[in-house]
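**Student:**
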Amino acid sequence: MSRLDTAQNWISKTVESTYNTAESTGSNYSQVPTRNPFFVLPKLEKRSDADRAGQNAPSHLCNHYWSPGQYGFVDDVETDVPARLLRRALGGTVTDSLVASGVYSHEFAILPPQTGAILPSFGMASLLDTASFLLHGCMVERFKMSQQGDNRAQYEADIVNSGKFTNPHGLSSLPVLSTPACMDSFRTTVTYLDSDNTTTVNLGTLGTIIEWMVEHKNNIQTAKRRIGDTIQTVGSSGSGAHVRKMPRGKYQTTASILLDFADLTYWTKSVQNEVLTNLKFTVIGPVISSTYRHEFEIIVPKFMFDSVDPGEDNGDAATPINVIPLQDPTTLGTIKARIQNATATLI
Amino acid sequence: MARKKAEQAEDVVEIVPGTEEFAAREFLAKEKAAYEERTGETVTWEPAHPLTSTPLSEAPAVEQPADKAEGEGEA
Chain D
1 MSRLDTAQNW ISKTVESTYN TAESTGSNYS QVPTRNPFFV LPKLEKRSDA
51 DRAGQNAPSH LCNHYWSPGQ YGFVDDVETD VPARLLRRAL GGTVTDSLVA
101 SGVYSHEFAI LPPQTGAILP SFGMASLLDT ASFLLHGCMV ERFKMSQQGD
151 NRAQYEADIV NSGKFTNPHG LSSLPVLSTP ACMDSFRTTV TYLDSDNTTT
201 VNLGTLGTII EWMVEHKNNI QTAKRRIGDT IQTVGSSGSG AHVRKMPRGK
251 YQTTASILLD FADLTYWTKS VQNEVLTNLK FTVIGPVISS TYRHEFEIIV
301 PKFMFDSVDP GEDNGDAATP INVIPLQDPT TLGTIKARIQ NATATLI
Chain U
348 MARKKAEQAE DVVEIVPGTE EFAAREFLAK EKAAYEERTG ETVTWEPAHP
398 LTSTPLSEAP AVEQPADKAE GEGEA
C-alpha cells in the first residue's frame with residue numbers, strides 16, 4: 001500500500017520552447033512544496049452508445065480525449081517555486097535586475113491579450129511508486145496568494161495540462177525538495193498610494209489588517225479540440241487524443257482586504273469612487289544580504305473599492321473591502337509582480 | 348487650406364518619453380518581441396493613436412517597515 005503523502009511533484013525550471021515538449025533533463029526540475037498531496041493518473045474520457053434509441057445499456061465504450069487534468073498546489077509563499085508559478089500564471093516577460101551584490105529583482109506583468117493568448121508552458125513530473133508520469137504542456141490556470149491573521153502567507157496554484165504524458169516519467173536525478181525560505185507572517189506589508197498621489201498608506205503600520213487575498217484566473221481553454229489532434233497510446237491499443245493548443249480565455253483578477261472597523265474612510269472612498277494606485281501586497285522573508293530580504297510582491301497598479309458592507313471578526317466590527325482592479329495604462333493589465341531573491345533569473 | 352492643415356496637425360498628440368502612452372508602447376513592443384520569439388507567432392496588433400497625453404506619475408518613496416529602516420532589532 002502506498003502512502004499518499006509520499007507523492008512527489010516537480011515542475012521544470014525552464015519553459016517549453018515547443019508546446020507539448022517538456023524539459024527532458026531531470027536536474028532542470030524543482031520539487032514543489034505542497035500541503036495538498038496528490039498523485040497523477042491521466043484520465044481518458046469515454047464515449048458510449050447508451051443514448052441510442054433501443055439501448056438499455058451501452059454495448060461498448062470508446063476512448064475519446066485525454067482529460068486536461070487539474071492539479072493543485074498549496075503551501076507557504078516563498079521566492080522559488082511559487083514565484084515561478086506566479087510568473088507563468090501572469091505570462092509577461094521578466095525584467096531581471098541586480099539590486100545589490102547577490103540580490104536580484106524580477107519584475108513582470110500580465111501577458112497583454114493584444115500580444116497573444118499562449119501562456120508559457122512547462123513540464124511537470126509526478127511520482128508515487130509506479131504512478132510515474134511526466135506531463136507535457138502544463139500551464140498555470142489559477143494563482144492565489146492570501147494571508148489570514150497570524151498565519152504565514154499562502155499560495156494556491158492550479159495546473160492544467162494538454163493531456164500528453166510520458167510513463168514512466170523518464171527523468172533522472174530529479175532533485176530533492178530544497179527547504180523553502182521562512183517568510184514570516186508578521187513582516188508582511190500592505191500599502192497603497194492614496195488618491196492625492198502623494199500619501200502612501202501602510203495598512204501594516206496602522207495594524208488593522210485581519211486578512212487579505214489576491215487571485216488571478218486565466219480561464220484557459222482546455223477543450224480546444226480539433227480533428228487531427230495528436231494521438232497518445234498506452235500499450236498497443238489504449239488510444240486517446242490530446243489538444244495541440246490551450247489559449248488563455250478572458251482573465252479575471254480579484255482582490256480583497258478585511259480590516260478592523262475604525263472609521264468611515266473606506267466607505268467614503270468607495271462611495272466617492274476614488275481611483276487609487278499601487279496596492280502592494282509584500283510578503284517578506286529572510287535576509288539575503290545586508291538589509292535586503294527575500295520579497296514576494298503582487299501589485300495592483302490602479303484600482304477602486306467596491307461597495308463596502310458592514311463586517312464582523314470574532315464579535316468586533318470589521319470592514320470587508322473588495323478591490324476592483326482597473327486597467328493599468330502602462331501594462332494594460334490588472335496586476336504585476338516583483339520578486340526579490342538570490343537567483344539571477346526567474347523563468 | 349494651409350491654415351486648416353495646421354489646425355488638424357495641432358490635434359495630433361505627440362507620443363513623448365515620460366508619458367503613460369510612451370511607456371505603454373515601450374512595454375508592448377517588449378512583450379511583442381518576447382512573445383514572437385517564444386511562440387513563433389507573428390503579432391500584428393498595433394495600439395491606436397492616443398487622443399491625450401498623460402505624464403507618468405512619479406512614485407513617492409514607499410514607507411519602509413520599521414525594522415528595515417532602523418536595522419533588525421533582533422537578538
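From first to last, the protein sequence lines stand for chains D and U.
The first sequence begins at 1 in our numbering and counts up one residue at a time.
The second sequence begins at 348 in our numbering and counts up one residue at a time.
Glycine included, C-beta positions come from ideal geometry on N, C-alpha and C.
(1) By Cβ distance, which residues of its chain are closer than 6 Å to K217/D, with the 5 residues on each side in sequence left out?
(2) Among the residues of its own chain, which have a CB less than 7 Å from the CB of V99/D, if the five just before and after it don't count?
(3) For chain U, find out if any of its Cβ atoms is closer than 8 Å to the Cβ of T319/D; answer yes or no.
(4) My assumption, with CB atoms under 8 Å, is that T399/U sits in contact with V359/U. Please give the rounded CB distance.
(5) Taking the straight line between their C-alpha atoms, what separation do you get for E274/D and A376/U?
(6) Taking all protein chains shown into account, decide if C138/D is buried (16 or more other Cβ within 10 angstroms of its Cβ) or exposed.
(7) Please decide whether P120/D counts as near chain U, where near means a Cβ-Cβ distance under 8 Å.
(8) Of all the alpha helix (DSSP H) runs that stay within the bounds of the region 166 to 206 of chain D, which reach a length of 4 or more residues?
(9) Under the assumption that R225/D contacts V201/D (Cβ atoms under 8 Å), give the Cβ distance between them as a whole number of angstroms.
(10) Could you tell me whether the Cβ atoms of D5/D and P33/D are closer together than 8 Å?
(11) Rank C182/D, D194/D, T330/D by C-alpha distance to the C-alpha of K269/D and give the top, closest one.
(12) Can you name the residues of chain U whose CB is closer than 7 Å to the CB of L112/D?
(13) Kindly indicate the opening and closing residues of the alpha helix (DSSP H) around W392/U.
(14) With 7 Å as the C-beta to C-beta threshold (strictly closer), list the residues of the region 65 to 97 of chain D near chain A in chain order.
(15) How close, in whole Å, do the beta carbons of Q70/D and V160/D come, if the pair is a contact with beta carbons under 8 Å?
(16) Could you give the distance in angstroms between the alpha-carbon of R87/D and the alpha-carbon of P286/D?
(17) Cα separation between A337/D and I321/D?
(18) What are the boundary residues of the beta strand (DSSP E) that includes V308/D?
(19) When you compare each of L276/D, I118/D, Y29/D to V390/U by their alpha carbons, which one comes out closest?
(20) Counting only C-beta atoms, is A395/U closer than 8 Å to chain D at any point?
(21) Would you check if the distance between the CB atom of E378/U and the CB atom of G235/D is smaller than 8 Å?
(22) Alpha carbon to alpha carbon, how far is Y155/D from P82/D? Give it in angstroms, no decimals.
**Tutor:** Quick answer:
(1) R142, Q252
(2) S105, Y292, Q340
(3) no
(4) About 12 Å separates the two Cβ atoms, so there is no contact after all.
(5) 31 Å
(6) buried
(7) yes
(8) 203 to 206
(9) Not really, about 49 Å apart at Cβ, beyond 8 Å.
(10) no
(11) D194/D
(12) Note on residue identity: the sequence assigns Pro, not Leu, to residue 112/D. Ordered by position in chain U, the residues that pass the 7 Å Cβ test against P112/D are L375, E378.
(13) Unbroken run through W392/U: none, as it is neither H nor E.
(14) Absent from the structure is chain A; the protein chains it does hold are D and U.
(15) 6 Å
(16) 21 Å
(17) 21 Å
(18) That residue, V308/D, is in no beta strand (DSSP E); it is neither H nor E in DSSP.
(19) I118/D
(20) no
(21) no
(22) 7 Å
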